[in-house]
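Visitor: Line by line, the protein sequences are chains A and B.
Using my numbering, the first residue of the first sequence is number 1, and each one after it goes up by one.
Using my numbering, the first residue of the second sequence is number 159, and each one after it goes up by one.
Backbone N, C-alpha and C define an ideal beta-carbon position, used for all residues, glycine too.
Okay, here's the structure, questions in a sec.
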Amino acid sequence: MTTKQDIARELARIQSQNGLGRLEVDTPSGKLEAQLVAVDAIGCAFESLTYKTDKLATSTVKDLKKLSDALTAKLNYLMEPISAVEFDADSCTVQCRSNPPQQGEDGRSYYELLVRKGGELLLSRYLKQPGQPRQVVPAQVTREVLARLGEDFVGAVG
Amino acid sequence: MVMKIDRDSSRFKQIVRGKIRENLRKYVTHGEMIGRKGKDLVSIPLPQLDVPHFRYGQNGRGGVGQGEGEPGQPIAAGDDEGDGQGKAGGDPGQHVLEVDISLEELAAILGDELELPRIEPKGKANITQDKVRYTSVRRVGPESLRHFRRTYVEALRRQVSEGTYRPADPKIIPIKEDRRYRSWESVPEPVANAVILYMMDVSGSMTDEQKEIVRTESFWIDTWLRSQYDGIERRYIIHDAAAKEVDEQTFYHTRESGGTRISAAYKVCADLLKNHYDPAEWNVYCFQFSDGDNWGEDNKTSLALLREQILPKCNLFCYGQVESPYGSGEFLRVLEEAFGDEHEVLVTSEIESKEAIYDSIKTFLGKGK
Numbered sequence: 001m002t003t004k005q006d007i008a009r010e011l012a013r014i015q016s017q018n019g020l021g022r023l024e025v026d027t028p029s030g031k032l033e034a035q036l037v038a039v040d041a042i043g044c045a046f047e048s049l050t051y052k053t054d055k056l057a058t059s060t061v062k063d064l065k066k067l068s069d070a071l072t073a074k075l076n077y078l079m080e081p082i083s084a085v086e087f088d089a090d091s092c093t094v095q096c097r098s099n100p101p102q103q104g105e106d107g108r109s110y111y112e113l114l115v116r117k118g119g120e121l122l123l124s125r126y127l128k129q130p131g132q133p134r135q136v137v138p139a140q141v142t143r144e145v146l147a148r149l150g151e152d153f154v155g156a157v158g
Numbered sequence: 159m160v161m162k163i164d165r166d167s168s169r170f171k172q173i174v175r176g177k178i179r180e181n182l183r184k185y186v187t188h189g190e191m192i193g194r195k196g197k198d199l200v201s202i203p204l205p206q207l208d209v210p211h212f213r214y215g216q217n218g219r220g221g222v223g224q225g226e227g228e229p230g231q232p233i234a235a236g237d238d239e240g241d242g243q244g245k246a247g248g249d250p251g252q253h254v255l256e257v258d259i260s261l262e263e264l265a266a267i268l269g270d271e272l273e274l275p276r277i278e279p280k281g282k283a284n285i286t287q288d289k290v291r292y293t294s295v296r297r298v299g300p301e302s303l304r305h306f307r308r309t310y311v312e313a314l315r316r317q318v319s320e321g322t323y324r325p326a327d328p329k330i331i332p333i334k335e336d337r338r339y340r341s342w343e344s345v346p347e348p349v350a351n352a353v354i355l356y357m358m359d360v361s362g363s364m365t366d367e368q369k370e371i372v373r374t375e376s377f378w379i380d381t382w383l384r385s386q387y388d389g390i391e392r393r394y395i396i397h398d399a400a401a402k403e404v405d406e407q408t409f410y411h412t413r414e415s416g417g418t419r420i421s422a423a424y425k426v427c428a429d430l431l432k433n434h435y436d437p438a439e440w441n442v443y444c445f446q447f448s449d450g451d452n453w454g455e456d457n458k459t460s461l462a463l464l465r466e467q468i469l470p471k472c473n474l475f476c477y478g479q480v481e482s483p484y485g486s487g488e489f490l491r492v493l494e495e496a497f498g499d500e501h502e503v504l505v506t507s508e509i510e511s512k513e514a515i516y517d518s519i520k521t522f523l524g525k526g527k
C-alpha cells in the first residue's frame with residue numbers, strides 16, 4: 001500500500017471513532033503520526049503532524065536547511081506559503097513558518113514547521129490573539145491535503 | 159536693551175517648543191528626524207506652522223471691466239452656473255517647516271512631558287579629571303613644541319616693520335624673540351560614570367520594522383540618559399544564537415538568520431560588566447530588545463545569568479519585547495513569572511507597535527534609577 005492509501009485507511013478508522021484519535025502510518029524510512037481532533041467525509045483537523053525518521057540522525061544544520069528548502073517549496077498548497085525563519089545550530093533545528101501569517105478577525109494564525117536533527121518533521125498551526133500567548137489550533141485540511149502532506153514529508157526525507 | 163528681533167526670535171522659539179510638546183508623542187513614534195542633523199541637533203518637521211504667503215488671483219479671467227457693458231454681465235469670475243466638479247480639500251496643506259532643536263532641549267521636553275524623574279547617580283558620580291589640551295601659544299617652551307607657522311608669521315611681521323623684508327628675495331630669518339611654542343592648559347573633563355548596554359535580537363524572526371522600533375526607542379532613551387550624565391559610555395551587543403559586541407552602525411543594521419538564544423547576549427553583557435564596569439563606580443543601564451521568541455531550552459540559562467551576574471550590577475535592566483509578525487514571543491512572560499516583583503531594577507515593556515514606544519519609554523525611565 002502507498003502512504004496515501006495508508007492515510008486514507010487510518011482516517012476511515014478514526015472517523016468511525018467519532019473523529020478523535022491518533023493517525024499512525026509506518027513507512028520504509030520512518031513513521032508518520034497525526035493527532036486528529038475531527039474527521040468527516042471531506043476533511044479533517046489535526047493538532048500536529050509528525051514524521052519521525054532515523055535518516056536525519058546525523059544531519060547537520062546545512063543538511064536540514066536544504067531539506068526544509070525542498071519541503072517548503074513543495075508545500076505550496078497550504079493556506080499560506082511557508083519559508084525558513086530561523087536556524088539553530090546548537091539544537092540543530094530549522095524553524096519554518098507561514099510567510100506572511102494570516103491576519104484574521106480573531107488574531108494571527110500561521111503554520112510552524114520544525115525540522116530537527118534526530119530526526120523529526122513537525123507541523124502545527126498556531127493562533128495568536130491580542131494580549132494572549134500563542135496557542136496551538138487545529139489545522140483544517142481536506143483528506144486529500146493531509147494525504148499529500150504525508151507523502152511530501154516522506155518524499156522529502158527520501 | 160532688548161531688540162525687537164530678539165523678542166520675535168524668543169517668541170518663535172516658544173511657539174516651536176509648544177508645538178513640539180503638543181506633538182511629542184508623534185515625534186517619538188516616528189523616527190524619521192533622528193540623525194538628520196548630526197550628533198547635537200535634530201530636525202523636526204512642524205507642518206502646523208503655516209508661513210504667511212501671497213495667494214495669486216486668476217489672471218486674465220474677469221477683473222476690471224472695459225467699456226459700457228450689458229445689463230446682467232458679470233464683472234468678475236466665478237459666476238458660472240451649475241455645480242463644479244469636486245470640493246474644497248479638507249486636509250491641511252503641505253507646508254512643512256523644519257526647525258532644528260538641540261538634543262538637550264529635546265531631552266528637557268521629553269522629561270517634562272513624560273514626567274520622568276531626575277536620575278540619582280550612585281558611586282563616584284560626576285567625577286572629573288584634568289586633561290591636557292594644547293590650546294595656547296607661548297614665547298618659551300621646548301624646541302619640540304615650536305610652532306613653525308606662528309614663528310614664521312612673527313618673523314615676517316618683524317622684518318616688514320623693520321623694512322628688512324624684500325619681496326624680490328623673501329628670506330625670513332627668525333630670531334629668538336620671534337619663536338613661539340605650543341602650550342597646554344589643563345581642562346577638567348567629566349569622566350564617564352554611566353554606561354548603557356544595548357542588546358538586540360537580530361535573529362531571523364526580527365524584521366526591519368521591529369528593528370526600526372528598537373532604533374527609535376533607543377534614540378530617545380539615549381537622549382534622556384545623556385542629558386542626565388556628563389559623560390556616558392554606550393556598548394552594543396547583537397545576538398541570534400551567538401552574541402558579539404558591535405559598533406552602533408552595525409547594531410542597527412544587522413540581520414541574521416540564526417535562532418534566538420538570549421543567554422548568548424547575557425553572557426557577553428555579564429563579561430563586559432565584570433571586566434570593565436565596577437558597579438561601585440558605574441551607573442549601569444541595560445536595555446534589551448527582542449521579539450521574545452527564545453528557543454525554549456535556553457530560558458533557564460538566560461534567567462540564571464540575569465539573576466546572578468547582571469541584575470545585581472545594574473541600576474536598571476529594561477527588557478522591551480517587540481511584537482513579531484507571529485506574536486510568538488514568550489520571554490516576557492518567562493521573566494515576569496521568574497522575577498515578579500522580586501527585582502525592582504528589572505522593568506519590562508511590551509512594544510506592540512510604533513505607537514507603543516512613547517508609553518514604553520515612560521515605563522522604562524519613569525523610575526528615576
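Since Ser-507 of chain B and Cys-472 of chain B should fall inside the 8 Å C-beta cutoff, what is the C-beta to C-beta distance between them, to a whole number of angstroms?
Guide: The pair is not a contact, with the Cβ atoms about 16 Å apart (cut-off 8 Å).
Visitor: Between the Cα of Leu-75 of chain A and the Cα atoms of A:Asn-99, A:Lys-52 and A:Ser-16, which residue gives the shortest distance?
Guide: The option with the nearest alpha carbon to Leu-75 of chain A is A:Asn-99.
Visitor: Scan the segment 378 to 397 of chain B for residues whose Cβ lies nearer than 8 Å to a Cβ of chain A and list them as they occur along the chain.
Guide: Within the segment 378 to 397 of chain B, no residue qualifies.
Visitor: Could you give the residue range of the alpha helix (DSSP H) that holds Arg-9 of chain A?
Guide: From DSSP, the alpha helix (DSSP H) with Arg-9 of chain A extends over 3 to 15.
Visitor: Are the beta-carbon atoms belonging to Gly-43 of chain A and Arg-143 of chain A less than 8 Å from one another?
Guide: Yes.
Visitor: Ordered along the chain, which non-local residues of its own chain (more than five positions away) have a Cβ less than 8 Å from that of Thr-381 of chain B?
Guide: Excluding residues within five positions, the ones whose Cβ falls inside 8 Å are Leu-261, Leu-264, Ala-265 and Leu-268.
Visitor: On a Cα-Cα basis, can you pick out the residue from A:Tyr-111, A:Val-39 and A:Arg-134 that is closest to Ser-16 of chain A?
Guide: Measuring from the Cα of Ser-16 of chain A, the nearest candidate turns out to be A:Val-39.
Visitor: Give, in chain order, every unbroken run of the alpha helix (DSSP H) that is at least 4 residues long and sits entirely within the segment 159 to 185 of chain B.
Guide: DSSP runs (the alpha helix (DSSP H)) wholly in the segment 159 to 185 of chain B: 162 to 180.
Visitor: Which word fits Glu-112 of chain A, buried or exposed, when buried means at least 16 other C-beta atoms lie within 10 angstroms of its C-beta?
Guide: Under this definition Glu-112 of chain A is a buried residue.
Visitor: Counting contacts by CB-CB distance shorter than 8 Å, is Thr-187 of chain B in contact with chain A?
Guide: It does not; no Cβ of chain A falls within 8 Å.
Visitor: Is it right to say Thr-2 of chain A is buried, meaning 16 or more other beta carbons lie within 10 angstroms of its own, or is it exposed?
Guide: Flag for Thr-2 of chain A reads exposed.
Visitor: Can you find the residues in the same chain that come closer than 8 Å, C-beta to C-beta, to Val-157 of chain A, ignoring five residues on each side of it along the sequence?
Guide: Excluding residues within five positions, the ones whose Cβ falls inside 8 Å are Ser-29, Gly-30, Tyr-51, Thr-53, Lys-55, Leu-56, Leu-67, Gly-119 and Leu-121.
Visitor: Answer yes or no: does any C-beta atom of chain B fall closer than 8 Å to that of Pro-100 of chain A?
Guide: For Pro-100 of chain A, the answer is yes, since a Cβ of chain B falls inside 8 Å of its Cβ.
Visitor: By DSSP, does Leu-123 of chain A sit in helix, in strand, or in coil?
Guide: The answer is strand: DSSP assigns Leu-123 of chain A an E or B state.
Visitor: Is the CB-CB distance between Gln-95 of chain A and Leu-114 of chain A below 8 Å?
Guide: Yes, the Cβ-Cβ distance between Gln-95 of chain A and Leu-114 of chain A is below 8 Å.
Visitor: Could you tell me which residues DSSP pairs with Pro-346 of chain B in its beta bridges?
Guide: DSSP lists B:Asp-288 as partners of Pro-346 of chain B.
Visitor: With 8 Å set as the bound, which would you pick, yes or no: does the beta-carbon of Thr-418 of chain B sit closer than that to a beta-carbon of chain A?
Guide: True, the Cβ-Cβ gap to chain A drops below 8 Å.
Visitor: Please report the distance separating the alpha-carbon of Asp-366 of chain B from that of Leu-461 of chain B.
Guide: So the alpha carbons of these two residues sit roughly 27 Å apart.
Visitor: From A:Val-25, A:Gly-21 and A:Asp-26, pick the residue whose C-alpha is nearest to that of Leu-36 of chain A; which is it?
Guide: Leu-36 of chain A has its Cα closest to that of A:Gly-21, out of A:Val-25, A:Gly-21 and A:Asp-26.
Visitor: Tell me whether Lys-171 of chain B is buried or exposed, calling it buried when 16 or more other Cβ atoms sit within 10 Å of its Cβ.
Guide: Looking at its Cβ environment, which holds fewer than 16 other Cβ atoms inside 10 Å, Lys-171 of chain B is exposed.
Visitor: Whose CA, out of B:Phe-409, B:Glu-343 and B:Arg-297, lies closest to the CA of Phe-445 of chain B?
Guide: Comparing Cα-Cα distances from Phe-445 of chain B to each of B:Phe-409, B:Glu-343 and B:Arg-297, the minimum goes to B:Phe-409.
Visitor: The beta strand (DSSP E) that contains His-397 of chain B, what's its start and end?
Guide: Unbroken beta strand (DSSP E) run through His-397 of chain B: 390 to 397.
Visitor: Three-state secondary structure (DSSP) at Asn-473 of chain B?
Guide: Residue state, collapsed to three classes: coil.
Visitor: Give me, in chain order, the residues of the same chain whose beta-carbon lies closer than 8 Å to that of Val-186 of chain B; leave out the 5 immediate sequence neighbours on both sides.
Guide: Cβ within range, chain order: Leu-268, Thr-374, Trp-378, Ile-515, Tyr-516 and Ile-519.
Visitor: Which of the three DSSP states, helix, strand or coil, is assigned to Asn-452 of chain B?
Guide: Residue state, collapsed to three classes: coil.
Visitor: At least one CB of chain A closer than 8 Å to the CB of Trp-453 of chain B: is that the case?
Guide: Chain A contact via Cβ: present.
Visitor: Going by the beta-carbon positions, is the gap between Leu-11 of chain A and Leu-149 of chain A smaller than 8 Å?
Guide: It is not a contact, given that the beta carbons lie outside the stated cut-off.
Visitor: Is Ala-45 of chain A closer than 8 Å to Pro-138 of chain A when the C-beta atoms are compared?
Guide: In this structure, Ala-45 of chain A lies closer than 8 Å to Pro-138 of chain A by Cβ.
Visitor: Would you tell me roughly how many angstroms separate the C-alpha atoms of Asn-441 of chain B and Val-353 of chain B, rounded to the nearest one?
Guide: Distance between the alpha carbons of Asn-441 of chain B and Val-353 of chain B is about 6 Å.
Visitor: Please check if any C-beta of chain A sits within less than 8 Å of the C-beta of Gly-498 of chain B.
Guide: Taking Cβ atoms only, chain A never reaches closer than 8 Å to Gly-498 of chain B, which makes this a no.
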